[in-house]
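Undergrad:
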Amino acid sequence: MMTFEELGVNENLRRAIEELGFESPMPVQEKVIPHLLGEGAEGDVVALAQTGTGKTAAFGLPVLQRIDPEMRRPQALILSPTRELCLQIGSDLADFSKYMPQIKVLPVYGGSSIESQIRSLKNGVQIIVATPGRLIDLIKRGVVDLSGVHTVVLDEADEMLNMGFLDSIDEILSCVPADRKMLMFSATMPNEIARIARKYMHEPTEFVIGNRNEGSANVKHIYYMVNAKDKYLALKRIADNSPNIYAIIFCRTRRDTQEIADKLIADGYNAEALHGDLSQQQRDIVMRKFRDGVVSLLVATDVAARGLDVDDLTHVINYGLPDDPAVYTHRSGRTGRAGKTGVSIAIIHSREKGKLREIEKKIGKKFERKEVPTPEHIIEKQLYNLADRIEKVKVDDEEIDKYLPGVSRKLGWLSQEDLLK
Ligand code: AMP
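1 is the number of the first residue of the sequence shown in the numbering used here; add one for each residue after it.
#1: In three-state terms, what does DSSP make of GLU272?
#2: Between the beta-carbon of ILE359 and the beta-carbon of LEU297, is there less than 8 Å?
#3: Using DSSP with H/G/I as helix, E/B as strand and the rest coil, what is HIS221?
#4: Using the Cα positions of ARG212 and THR53, report the straight-line distance between them to the nearest angstrom.
#5: Buried or exposed: GLY412, going by 16 or more other Cβ atoms within 10 Å of its Cβ?
#6: So, at 6 Å on beta carbons, what are the nonlocal neighbours of SER97 in its own chain, with the 5 sequence-adjacent residues on each side left out?
#7: Report buried or exposed for LYS402, applying the criterion of at least 16 other Cβ atoms within 10 angstroms of its Cβ.
#8: For GLU70, count neighbouring C-beta atoms within 10 Å of its own C-beta (all shown protein chains included) and say buried if the count is 16 or more, exposed if not.
#9: Which of the three DSSP states, helix, strand or coil, is assigned to MET287?
#10: Ends of the beta strand (DSSP E) at GLY342?
#11: I think VAL9 touches PHE207, with their Cβ atoms under 8 Å apart; what is that distance to the nearest whole Å?
#12: Assign SER344 to buried or exposed, taking buried as 16 or more other Cβ atoms, counted over all protein chains shown, within 10 Å of its Cβ.
#13: Using the rule of at least 16 other Cβ atoms within 10 Å of the residue's Cβ for burial, across every protein chain shown, is ILE285 buried or exposed?
#14: Count the C-beta pairs between the region 251–267 and the region 301–316 that are closer than 8 Å, then say yes if the count reaches three, no if not.
#15: Let me know the secondary structure DSSP gives VAL63 once reduced to three states.
#16: Smallest Cα separation from ILE379: which of LEU36, ALA157, ASP240 and TYR99?
#17: Using C-beta distances below 7 Å, list every residue in its chain close to MET2, excluding the 5 sequence neighbours before and after it, in chain order.
#18: Sorry if obvious, but does the Cβ on LYS122 come closer than 7 Å to a heavy atom of the ligand AMP?
#19: Would LYS181 count as contacting chain B if we go by Cβ distances under 8 Å?
#20: Which residue marks the beginning of the beta strand (DSSP E) containing LYS181, and which one marks its end?
#21: Can you tell me whether THR51 is helix, strand or coil according to DSSP?
#22: Using 8 Å as the Cβ pair cut-off and three pairs as the minimum, do the region 172–183 and the region 9–20 touch?
#23: Please report the straight-line C-alpha distance between LYS370 and ILE347, rounded to a whole angstrom.
#24: Is it buried or exposed, SER186, if we count other Cβ atoms within 10 angstroms and call 16 or more buried?
#25: Comparing the CB of GLY336 with every heavy atom of the ligand AMP, is any distance shorter than 7 Å?
#26: What residues in its chain sit with their C-beta under 8 Å from that of GLN117, if we drop five residues either side in the sequence?
#27: In whole angstroms, what separates the C-alpha of ARG337 from that of ASP418?
#28: Taking the alpha carbon of LEU278 as the reference point, which residue from ARG409, VAL294, GLN258 and ASP292 has its own alpha carbon closest?
#29: Tell me the DSSP bridge mates of VAL45?
#30: Grouping DSSP H, G and I as helix and E and B as strand, with all else coil, what is ASN241?
#31: DSSP three-state label for ASN10, please.
#32: For VAL152, list the residues DSSP reports as bridge partners.
#33: Suppose the cutoff is 7 Å on Cβ atoms and the five residues either side in sequence are ignored; what does the same chain contact list for ASP68 look like?
#34: Would you call the region 320–328 and the region 264–279 in contact, with 3 or more CB pairs under 8 Å?
#35: What does a CB cutoff of less than 8 Å around VAL153 pick up in its chain, not counting 5 residues either side in sequence?
#36: Expressed to the nearest angstrom, what Euclidean distance is found between the alpha-carbon atoms of LEU48 and LEU37?
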């Protein structure tokens, strides 16, 4: 394995990432970094890599290193599909460039004040991290000069296409010098991505990076086969059977997402919906509640859940299977992280059996079939869990002493058996 130094990463960057706890390069970094920093590193890069593989540092470190700090105009442009990802990249770059104070990174995205973004642009920034829509807005107002850009990164390119940004990307690239270097990161490789690569890139080198969570030994894959009309009941039983559940439930459409979340809330679960019909502010609130653990079941579409990075999910639940096996890999890779074990559950009906086999082939693992837990089973599980929690309660003697006589007056006459009951 190579070191960051051997990959050509400079000392200031190495110091910063060392402080972040990066000891050695991840595979995507080993492959991509020399393409930008190595000698004679010609040609562009297409990397099939998902979130969690370390791709941000793979493009972020060399992009930072290639900036001329004396020149106070945009030299690198990073495009991302969503505001969340935009902010995430901006914050990662700020971390990496901690010891390069002359470098200014500016995230620009819709939904926030364009005036303050314009002011920052006027003060001189070298790296712009942008969502396509807002960037075009800025270009049209003539406040952003891309003529000095030598490096362009398209992050989550497949997602940008799904969101209909193809024309915007076209328009943006026409404002950037033709001899720029270009890197494209994508979790999947639909035909359109290959077409963009052909159209805009010079002899791109392709890398396929295995997801660090793909087929992870830590993730168990389980499926429940039910009649279509019983899916919701199965979901509830599964949730009931896991008293400490903290899960994302993936649905295919926005409507399903809202419907399932509404039903769960009406049935007394700690659930919320996350999908594109919500306003940015609503989405932010939901994500915060979920991150803070106030909400334990998040019902989400794949796209809306992208901006959310939580490491300690107990379960990922597929409320129906996605058509593309890569989407399943992406979903299930959200559990079993950071050395913990995770469970990826699929609630399916018999017509989805074919999709299941396809996914098994892709992840190189078999799903285990389970029966939906019976009410008796759930009650038993919940009771033992309650008993466990009671057993583990930490008692603050000083605090509770003053209340004990009162409690004792109320309950002291009960036998141990009565009390347990
Ligand atoms: P990303 O795929 O860019 O979202 O990165 C996934 C996570 O891996 C982030 O939390 C990074 O901070 C972390 N990371 C990236 N590169 C390394 C590395 N070389 N060593 C340890 N952690 C890393």
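Note that beta-carbon positions come from the ideal geometry of N, C-alpha and C, so glycine has one too.
As the structure is a prediction and not an experimental result, all values here were calculated from the model.
TA: The structure says:
#1: Counting from 1 along the sequence shown, the entry for residue 272 is found at position 272. Note: GLU272 maps to strand in three-state DSSP.
#2: For this step, residue 359 is matched to residue 359 along the sequence shown. For this step, residue 297 is matched to residue 297 along the sequence shown. Going by C-beta atoms, ILE359 is not nearer than 8 Å to LEU297.
#3: Taking the first residue of the sequence shown as position 1, residue 221 is located at position 221. Correct three-state label for HIS221: strand.
#4: For the purposes of this step, residue 212 is taken as residue 212 along the sequence shown, with counting starting at 1. For the purposes of this step, residue 53 is taken as residue 53 along the sequence shown, with counting starting at 1. For ARG212, the predicted structure reports a pLDDT of 42, less than 50, and the residue's modelled location is therefore unreliable. A value from the coordinates is still provided. Cα to Cα, ARG212 sits roughly 6 Å from THR53.
#5: If you number the sequence shown from 1, residue 412 lands on position 412. So GLY412 ends up on the exposed side.
#6: Sequence index remark: in the sequence shown, residue 97 carries index 97 (1-based). Answer for SER97: LEU64 and ILE103, listed in chain order.
#7: The residue given as residue 402 occupies position 402 in the sequence shown. It counts as exposed.
#8: The count along the sequence shown starts at 1 and reaches residue 70 at position 70. Classification for GLU70: exposed.
#9: Locating residue 287 in the sequence shown gives position 287, counting from the first residue. Correct three-state label for MET287: helix.
#10: Along the sequence shown, read from residue 1 onward, the residue named residue 342 stands at position 342. 342–348 is the span of the beta strand (DSSP E), which, as asked, contains GLY342.
#11: Numbered from its first residue, the sequence shown carries residue 9 at position 9. Numbered from its first residue, the sequence shown carries residue 207 at position 207. That pair is no contact at about 18 Å.
#12: The count along the sequence shown starts at 1 and reaches residue 344 at position 344. By the neighbour-count rule (16 or more Cβ atoms within 10 Å), SER344 is buried.
#13: Within the sequence shown, the letter at position 285 stands for residue 285. Exposed, by the Cβ-count rule.
#14: yes
#15: Looking up residue 63 in the sequence shown gives position 63. If DSSP states are grouped into helix, strand and coil, VAL63 belongs with the helices.
#16: Translated into positions along the sequence shown, residue 379 becomes position 379. Checked all of LEU36, ALA157, ASP240 and TYR99; the closest Cα to ILE379 is ASP240.
#17: Position 2 of the sequence shown holds residue 2. PRO25 and GLU30.
#18: For the purposes of this step, residue 122 is identified with residue 122 of the sequence shown, where counting begins at 1. It does not: the Cβ of LYS122 is nowhere closer than 7 Å to a heavy atom of the ligand AMP.
#19: Among the protein chains of the structure shown there is no chain B, as only one such chain exists.
#20: In the sequence shown, counting from the first residue as 1, residue 181 sits at position 181. Unbroken beta strand (DSSP E) run through LYS181: 181–186.
#21: As a position in the sequence shown, residue 51 is number 51, starting the count at 1. If DSSP states are grouped into helix, strand and coil, THR51 belongs with coil.
#22: no
#23: Within the sequence shown, residue 370 is the residue found at index 370, counting from 1. Within the sequence shown, residue 347 is the residue found at index 347, counting from 1. Cα to Cα, LYS370 sits roughly 10 Å from ILE347.
#24: In the sequence shown, residue 186 corresponds to position 186, counting from 1. By the Cβ neighbour-count rule, SER186 is buried, with 16 or more other Cβ atoms within 10 Å of its own.
#25: Along the sequence shown, read from residue 1 onward, the residue named residue 336 stands at position 336. For the ligand AMP, not one heavy atom lies less than 7 Å from the Cβ of GLY336.
#26: In the sequence shown, the residue the question calls residue 117 occupies position 117. Hits under 8 Å: LEU106, VAL108, ARG134 and LEU138.
#27: Position 337 of the sequence shown, counted from the first residue, corresponds to residue 337. Position 418 of the sequence shown, counted from the first residue, corresponds to residue 418. Those two C-alpha atoms are separated by around 43 Å.
#28: Locating residue 278 in the sequence shown gives position 278, counting from the first residue. When only C-alpha atoms are compared, the closest one is GLN258.
#29: Numbered from its first residue, the sequence shown carries residue 45 at position 45. Per DSSP, LEU183 and THR205.
#30: The residue given as residue 241 occupies position 241 in the sequence shown. Coil at ASN241, not helix or strand.
#31: Residue 10 sits at position 10 when you count from the first residue of the sequence shown. If DSSP states are grouped into helix, strand and coil, ASN10 belongs with coil.
#32: Stepping through the sequence shown from its first residue, residue 152 is reached at position 152. DSSP output for VAL152 lists LEU77 and MET182 as bridge partner(s).
#33: Mapped onto the sequence shown, residue 68 falls at position 68. Correct list, in chain order: GLN75.
#34: no
#35: Taking the sequence shown and counting its residues from 1, the one referred to as residue 153 is at position 153. Here the set comprises PHE59, VAL63, ALA76, LEU77, ILE78, LEU79, MET182, LEU183, MET184 and PHE185.
#36: If you number the sequence shown from 1, residue 48 lands on position 48. If you number the sequence shown from 1, residue 37 lands on position 37. Each residue's alpha carbon lies about 20 Å from the other.
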